[in-house]
Amino acid sequence: MATTTRRRAKPAENAAPEPTQEELLHYYKEMLLIRRFEEKAGQLYGMGLIGGFCHLYIGQEAVVVGMQAAQLPGDSVITSYRDHGHMLACGMEAKGVMAELTGRAGGYSKGKGGSMHMFSREKNFYGGHGIVGAQTPIGTGLAFAHKYKKDGCIDVCYLGDGAVNQGQVYESFNMAALWKLPVIYVIENNKYAMGTSQQRASAGELYLRGSAYGIPGKQVNGMDVLEVKKAADEAVAYVRGGNGPMILEMKTYRYRGHSMSDPAKYRTKEEVNKMRSEYDCIDHLKSLLFTKGYADEESLKVIDRDVKAVVTEAADFATNSPEPDASELWTDILVEA
Amino acid sequence: MPIDILMPALSPTMTEGKLAKWVKKEGDTIKAGDVIAEIETDKATMEVEAVDEGTLAKILVPEGTENVAVNTAIALLAGEGESASDVSAAKAPAAAEAPKAEAPKEEAKPAAAPAAPAVKAPVAPPPSDEDRFFKNTQTMTVREALRDAMAEEMRKDGSVFVMGEEVAEYQGAYKVTQGLLQEFGPDRVIDTPITEHGFAGLAVGAAFGGLRPVVEFMTFNFSMQAIDHIINSAAKTLYMSGGQMGCPIVFRGPNGAAARVAAQHSQEYSSWYAHIPGLKVVSPYSAADAKGLLKAAIRDPNPVVFLENEILYGHSFEVPTDPDFIIPIGRAKIERAGTDVTITAFSLQVGMALAAADKLAEQGISAEVINLRSIRPLDVHTIVESVKKTNRLVSVEEGWPFAGIGAEMSAVMMEHAFDYLDAPVVRVHGKDVPMPYAANLEKLALPQVDDVVTAAKAVLYR
Ligand SMILES: Cc1ncc(C[n+]2csc(CCOP(=O)(O)OP(=O)(O)O)c2C)c(N)n1
Ligand SMILES: [Mg+2]
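Chains A and B supply the protein sequences, listed in that same order.
Numbering-wise (the UniProt record's numbering), the first sequence opens with residue 1 and increments by one.
Numbering-wise (the UniProt record's numbering), the second sequence opens with residue 1 and increments by one.
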């Protein structure tokens with residue numbers, strides 16, 4: 001049985017320390033990278049270089065960046081098809097992600113998975129799943145494996161406000177609570193499942209959906225990376241401490257349509273504009289950096305330029321990487337024993 | 001250098017659209033994410049957002065223009081330090097200019113994909129030394145053989161664990177996991193709630209996480225609750241991950257009709273799962289098959305659907321005592337050699353085929369009975385070699401005929417043995433109806449020995 005090094009659970013701090021300048025700048029850079037990456041992906045889609053479904057994460061960046069900041073190496077992450085941000089936050093390379101979007105040999109799945117299906121064993125990222133809700137029992141199983149191997153790691157399992165209505169989510173909650181599995185269920189409540197608002201699909205509060213199983217839940221302002229990080233720290237300490245699963249409901253918002261071809265008739269422009277102009281996670285952190293004196297326009301421009309360079313390089317790579325060889329059609333169906 | 005703003009494709013199928021409205025004017029400053037224009041497609045009006053920052057230097061396609069092809073430059077954006085006037089002198093509106101990056105053209109090359117393995121000559125099955133183990137055998141039931149296979153693999157590899165409904169304390173709904181809890185403890189022999197979709201998905205996650213789960217379905221009828229994870233999560237992820245994310249997992253349990261349990265509890269799933277690339281599907285007949293194949297399934301790095309049969313659980317066979325005995329997946333077994341007609345069968349129907357062969361022998365007909373054992377990959381080689389000799393094939397299965405294993409067998413004959421056939425293939429199968437409860441009707445619904453005898457005589461024109 002494979003056992004990796006046992007790690008010590010982070011001791012729960014009595015008073016959360018103020019985030020440092022370095023941490024704040026890191027969050028800023030990570031969120032900006034996701035945003036610029038997604039904008040570029042949207043552009044490449046518009047040019048016909050990306051096909052099929054392409055679900056952008058723009059607006060929700062604070063959730064994944066705040067969560068990731070609370071995790072330790074070895075912790076596993078799994079999510080749905082809206083996965084580009086999660087992969088970048090896990091440390092997967094922008095080049096490999098973008099090249100998968102364009103369906104090229106240099107992509108993480110050699111072009112055979114596409115936008116919705118990418119994985120990295122190295123970064124403990126387990127996909128990238130296209131069936132709404134299916135990542136929930138799989139993530140629970142990753143947590144089961146952590147517990148079985150006693151490796152001290154946890155799983156972070158993201159799901160949408162639409163996915164929470166799938167039966168398998170509750171099958172997972174039950175088993176995770178019953179067996180005290182180390183998993184955090186992060187409900188990314190961006191208010192809509194395609195064109196269906198939370199109000200039209202979901203009875204009750206989402207963060208309470210685990211209460212009958214005794215799973216603690218918390219509602220968090222997912223537009224503020226610091227609030228996400230704080231909630232994540234608490235949840236990570238609780239879950240890593242062997243207390244079983246926890247649910248974090250992140251109140252967030254996607255600015256773009258559900259996927260590229262969504263004209264978004266189910267919500268008003270005013271609603272979108274209000275979220276963008278008043279609650280944007282990047283703008284918010286930017287003004288915090290200014291008030292704290294941690295950054296000025298000039299220093300942020302340097303970050304912007306760095307991020308832009310990464311994204312441009314990714315796009316170049318993704319457009320120049322060759323299509324997979326025709327022989328790839330027949331590989332990776334079965335592992336050769 | 002000014003940047004071209006191109007007419008975007010806003011859906012997977014859009015090739016052109018109407019530039020309905022310019023939201024920004026020439027000279028406006030643009031930030032990434034700003035809406036600059038509205039475009040009408042056949043389906044909807046959508047907004048175009050800027051990706052780059054700068055000043056809208058020149059509009060190349062005025063609003064109201066219809067049928068603007070995707071990737072036409074519709075405006076020029078001046079970057080930092082460039083002025084709008086620098087740009088206006090630049091190039092005239094080049095209609096439908098080639099995009100900077102060439103999109104892969106579908107029509108250009110339906111690149112000659114390498115031929116599907118199916119049309120190649122059948123490859124020989126994996127080699128096996130299983131026969132030499134039969135020098136020392138002991139009589140045991142299929143039930144005991146399955147249990148021993150799991151126990152031996154669990155002793156060998158700490159990452160193997162068993163999970164399912166009633167597998168631990170109750171010792172298995174059909175007592176297949178008898179004694180495992182006592183030997184391996186509750187961390188490795190795990191009673192689940194009645195939650196097939198959930199525990200199948202959980203086990204797939206555990207397999208991705210480095211474990212080797214053996215998932216018992218109380219019967220395969222209930223695997224329909226979990227079929228999404230078996231197919232979409234277990235079978236396809238290796239491919240979708242470009243080979244990174246293998247899923248070593250076994251889904252096992254009784255399959256097919258038991259006795260008098262009616263339609264919802266009497267279904268045969270081999271053709272369902274055998275349809276899926278990325279799965280292996282195995283269906284043993286004897287206790288030796290059960291032991292040797294289950295060990296192979298647990299060691300296999302791929303997802304294996306292991307279809308047992310409740311009626312066979314109590315049947316006894318000789319099983320090699322050597323713990324190294326194993327049967328490679330993908331190898332059929334000739335249970336009885338013959339010269340006049342080939343009969344293929346699997347699971348309980350192998351017994352039916354052997355009984356039919358006895359009866360046929362009384363009538364002077366020599367039948368060769370092939371126990372398929374592995375449904376996917378199918379040992380086409382062994383079947384075809386047999387038919388080359390007998391020139392006739394009867395396929396026996398308990399399941400329904402439509403798109404069933406017999407249908408596949410017929411196709412295999414067309415592709416690989418057409419010139420050797422002296423008669424059309426005949427299929428013996430379960431009747432094309434839900435399983436009835438009444439004893440007489442149930443018997444009518446299931447293949448019987450005489451059906452096999454009749455079919456064999458039919459292909460021999462006797
Ligand atoms: C089982 C299943 N049903 C339906 C779909 C089609 N579908 C894809 S995404 C989606 C909406 C999901 O919304 P949510 O869970 O809120 O996630 P979000 O897209 O907002 O991130 C639907 C219905 C699917 N992929 N899988
Ligand atoms: Mg949603």
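Using N, Cα and C, we set each Cβ at its ideal position, and we do this for glycine too.
- Spell out the partners DSSP gives B:Thr55 in its beta bridges. Note: B:Thr55 sits in a beta bridge opposite B:Thr29, B:Ala78.
- Message: Can you look up A:Lys286 in the DSSP assignment and give me helix, strand or coil?
- Response: Three-state result, A:Lys286: helix.
- Task: Kindly examine ligand 2 and report whether one of its heavy atoms sits closer than 7 Å to the Cβ of A:Gly162.
- Result: A heavy atom of ligand 2 is found nearer than 7 Å to the CB of A:Gly162.
- Please check if any C-beta of chain B sits within less than 8 Å of the C-beta of A:His146. A:His146 counts as touching chain B.
- Query: Unbroken alpha helix (DSSP H) runs of length 4 or more, entirely within the segment 158 to 240 of chain A: which are they?
  - Reply: You should have 167 to 178, 198 to 201, 225 to 240.
- Item | Euclidean distance between Cα positions of B:Pro436 and B:Glu442 | The straight-line gap from Cα to Cα measures roughly 5 Å.
- Cα separation between B:Pro346 and B:Lys156? At residue 346 of chain B the sequence reads Phe, which differs from the Pro that was named. Straight-line measurement puts the Cα of B:Lys156 at about 29 Å from the Cα of B:Phe346.
- Message: Closer than 9 Å between beta carbons: that is the criterion. Which residues of the segment 187 to 210 of chain B meet it against chain A?
- Response: Listed by position along the chain: Asp187, Arg188, Ile190, Thr192, Pro193, Thr195, Glu196, His197, Gly198, Phe199, Ala200, Gly201, Leu202, Ala203, Val204, Gly205, Ala206, Ala207, Phe208, Gly209, Gly210.
- Item | Nearest neighbour of A:Asn165, chosen from A:Phe173, A:Ser202, A:Tyr294, A:Gln60 [CA to CA] | Ranking A:Phe173, A:Ser202, A:Tyr294, A:Gln60 by Cα distance to A:Asn165 puts A:Ser202 first.
- Task: Pick helix, strand or coil for A:Lys40, following the three-state DSSP scheme.
- Result: Helix, per DSSP.
- Message: Please list, in chain order, the chain B residues whose beta carbon lies closer than 7 Å to that of A:Asp332.
- Response: The answer, in chain order, is Leu238, Tyr239, Gly242, Gly243.
- Query: Say the cut is 7 Å; is the CB of A:Met194 nearer than that to a heavy atom of ligand 1?
  - Reply: Indeed, a heavy atom of ligand 1 lies less than 7 Å from the Cβ.
- Name the chain A residues that come within less than 8 Å of B:His229, Cβ to Cβ? Per Cβ cutoff of 8 Å: Ala134, Pro137, Ile138.
- Item | Contacting residues, own chain, Cβ-Cβ under 8 Å from B:Pro99 (five flanking each side not counted) | With a pLDDT of only 41 at B:Pro99, under 50, the local geometry of the prediction cannot be trusted, and the value read off the model is given with reservation. If we look at B:Pro99 and ignore the five residues flanking it on each side, its Cβ neighbours are Leu6, Asn71.
- Measure the C-alpha to C-alpha separation of A:Ala143 and B:Thr45 and round it to an integer number of angstroms. Looking at the two C-alpha atoms, the distance is approximately 44 Å.
- Spatial distance of A:Leu32 from A:Lys251 (CA atoms): Each residue's alpha carbon lies about 19 Å from the other.
- Under the DSSP definition of a beta bridge, which residues are partnered with B:Ala73? B:Leu6, per the DSSP bridge assignment.
- Item | Contiguous beta strand (DSSP E) assignments of at least 3 residues, all confined to the segment 258 to 317 of chain B | List check, beta strand (DSSP E) in window: 280 to 282, 303 to 308.
- Message: Check for me: the alpha helix (DSSP H) holding B:Ser138 runs from which residue to which?
- Response: Reading off the sequence, residue 138 of chain B comes out as Gln, not Ser. That residue, B:Gln138, is in no alpha helix (DSSP H); its beta strand (DSSP E) goes 137 to 141.
- Message: With distance defined between alpha-carbon atoms, name the residue in B:Val412, B:Tyr269, B:Asp432 nearest to B:Val425.
- Response: Closest option to B:Val425, Cα to Cα, is B:Val412.
- Would you say B:Glu97 faces chain A, with C-beta separation under 8 Å as the test? Caution is warranted here: a pLDDT of 41 is assigned to B:Glu97, below 50, making its placement in the model unreliable, and the coordinate value is therefore given only provisionally. With 8 Å as the cut-off, B:Glu97 does not count as an interface residue toward chain A.
- Message: So, under 8 Å CB-CB, A:Glu249 and A:Lys218 are touching, yes? Tell me the CB distance rounded to an integer number of Å.
- Response: Cβ atoms of A:Glu249 and A:Lys218 come within 8 Å of each other, at about 7 Å.
- CB-CB length for A:Gln168 against A:Gly133, believed under 8 Å: A:Gln168 to A:Gly133, Cβ: 5 Å. Contact.
- Query: In this structure, what does DSSP give as the bridge partners for B:Arg336?
  - Reply: BP columns for B:Arg336 point to B:Val369.
- Task: Would you give the residue range spanned by the alpha helix (DSSP H) that B:Met413 belongs to?
- Result: Its alpha helix (DSSP H) spans residues 405 to 416.
- Message: With H, G and I counted as helix, E and B as strand and the rest as coil, what does DSSP make of A:Trp330?
- Response: In the three-state reduction of the DSSP assignment, A:Trp330 falls in the helix class.
- Using the DSSP secondary-structure output, state which residues sit across from A:Pro317 in a beta bridge. Reading off the sequence, residue 317 of chain A comes out as Phe, not Pro. DSSP output for A:Phe317 lists no bridge partner at all.
- Query: Does the beta-carbon distance from A:Gly46 to B:Leu421 come in below 8 Å?
  - Reply: No, they are not a contact pair.
- At 7 Å on the CB atoms, spell out the chain A contacts of B:Ser233, in chain order. Ordered by position in chain A, the residues that pass the 7 Å Cβ test against B:Ser233 are Ala134, Ile138.
- Who does B:Gly17 pair with in a DSSP beta bridge? B:Gly17 is bridged to B:Val68.
- Task: Would you tell me roughly how many angstroms separate the C-alpha atoms of A:Phe125 and B:Val350, rounded to the nearest one?
- Result: Looking at the two C-alpha atoms, the distance is approximately 45 Å.
- Members of the segment 36 to 52 of chain B near chain A, C-beta cut-off 9 Å: From the segment 36 to 52 of chain B, only Thr41, Lys43, Ala44, Thr45, Met46, Glu47, Val48, Glu49, Ala50, Val51, Asp52 have a Cβ closer than 9 Å to chain A.
- Secondary structure of A:Lys251, DSSP reduced to three states: Three-state DSSP puts A:Lys251 in a strand.
- Does any residue of chain B bring its CB to less than 8 Å from the CB of A:Arg267? Taking Cβ atoms only, chain B never reaches closer than 8 Å to A:Arg267, which makes this a no.
- Message: Just checking: is the beta-carbon of B:Pro277 within a distance shorter than 8 Å of some beta-carbon in chain A?
- Response: By the rule that beta-carbons nearer than 8 Å mark a contact, B:Pro277 touches chain A.
- State the CB to CB distance for the pair A:Ile34 and A:Thr102, rounded to an integer number of angstroms; the pair is presumed to be in contact (CB under 8 Å). Not quite, the Cβ-Cβ distance comes to about 18 Å (not below 8 Å), so this is no contact.
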